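Residue numbers for the sequence shown follow my numbering, beginning at 27 and rising by one.
Just so it is clear, CB atoms sit at the ideal spot from N, CA and C, and this is done for glycine as well.
Here the structure is a predicted model, which means the values were calculated and not measured.
What follows is a short report on a single structure.
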Amino acid sequence: MPDLTSFPISQKWPAQYPEWLQLYSLPTPNGVKVSIMLEEIGLPYEPHKVDFASNDQLSPEFLSLNPNNKIPAILDPHGPGDQPLALFESGAILIYLADKSGQLLAQESAARYETIQWLMFQMGGIGPMFGQLGFFNKFAGKDYEDKRPRDRYVEESKRLLKVLDGRLQGRDWIMGERYTIADIATFPWVRNLIGFYEAGDLVGIQNFPNVTRVLERFLARPAVARGLKIPE
27 MPDLTSFPIS QKWPAQYPEW LQLYSLPTPN GVKVSIMLEE IGLPYEPHKV
77 DFASNDQLSP EFLSLNPNNK IPAILDPHGP GDQPLALFES GAILIYLADK
127 SGQLLAQESA ARYETIQWLM FQMGGIGPMF GQLGFFNKFA GKDYEDKRPR
177 DRYVEESKRL LKVLDGRLQG RDWIMGERYT IADIATFPWV RNLIGFYEAG
227 DLVGIQNFPN VTRVLERFLA RPAVARGLKI PE
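Printed below as a string of structure tokens:
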């Protein structure tokens, strides 16, 4: 049985199943990327809630695994060479899990890199821009009299949605018939934008029918429904 006691994070979140992959997360758009991925590929894992209300993400134990104090993060007791591997950044984790399982990321070079390209589109564009729009529309930013910062992110979010909508024209998923890590990365953020952030009308989501069509298809997947609630 793997020994995870040398990792400080295991002191704050003890593993009941140390032979399973350990997930440290919250059900946020970035967090559920990994829980959905794990549900899709069927890899045994043990989720641990990183409670932002208690500043768990700033604890020495969590920082020992992720010095950037962001979720999600994982500790895989059976990493490369069957040695434990600690990993953070949701995009890196998705690629790692896809390679580990041989699922949801093509092995052939062209399709593989095209999928990673769209993963980076989410990581560098959709996530940061939708998140800033959420701040200015729902949280502290909504009280700012000057609406130019909010409107900047509204326009950029619309632009990104237009790019995504064009990509999905005539396609079932971002990569066509293949459901991939690019979809797992992207659609939790779309869901959050029009749901939790209450910005659907602001960005004119009805003008992006391909996005909403594939979002519905994504949310209908059983693994997605489970992953969206993990950790409880």
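1) Can you tell me whether residue 202 is helix, strand or coil according to DSSP?
2) Under a Cβ-count criterion, where at least 16 other Cβ atoms within 10 Å of its own Cβ denotes burial, should residue 48 be classed as buried or exposed?
3) In this structure, how does DSSP classify residue 106 when only helix, strand and coil are distinguished?
4) What are the uninterrupted segments assigned as alpha helix (DSSP H) that are 4 or more residues long and contained completely in the region 128-186, given in chain order?
5) In the DSSP assignment, find the alpha helix (DSSP H) that holds residue 38 and state where it starts and stops.
6) So, is residue 211 buried or exposed, given that buried needs 16 or more other C-beta atoms within 10 angstroms?
7) In the DSSP assignment, what residue or residues form a beta bridge with residue 48?
8) Apply the 10 Å Cβ neighbour rule to residue 76 and answer buried if 16 or more other Cβ atoms are within range, or exposed otherwise.
9) Can you find the residues in the same chain that come closer than 7 Å, C-beta to C-beta, to residue 65, ignoring five residues on each side of it along the sequence?
10) For residue 162 and residue 180, I'd like the C-alpha separation in whole angstroms.
11) How about the region 53-60 and the region 107-114: do they share at least three Cβ pairs that are nearer than 8 Å?
12) With a threshold of 8 Å, are at least 3 pairs of Cβ atoms found where one atom belongs to the region 139-154 and the other to the region 69-89?
So, from the data block:
1) strand
2) buried
3) helix
4) 135-147, 153-164
5) 35-38
6) buried
7) 72, 101
8) buried
9) 249, 252, 253
10) 9 Å
11) no
12) no
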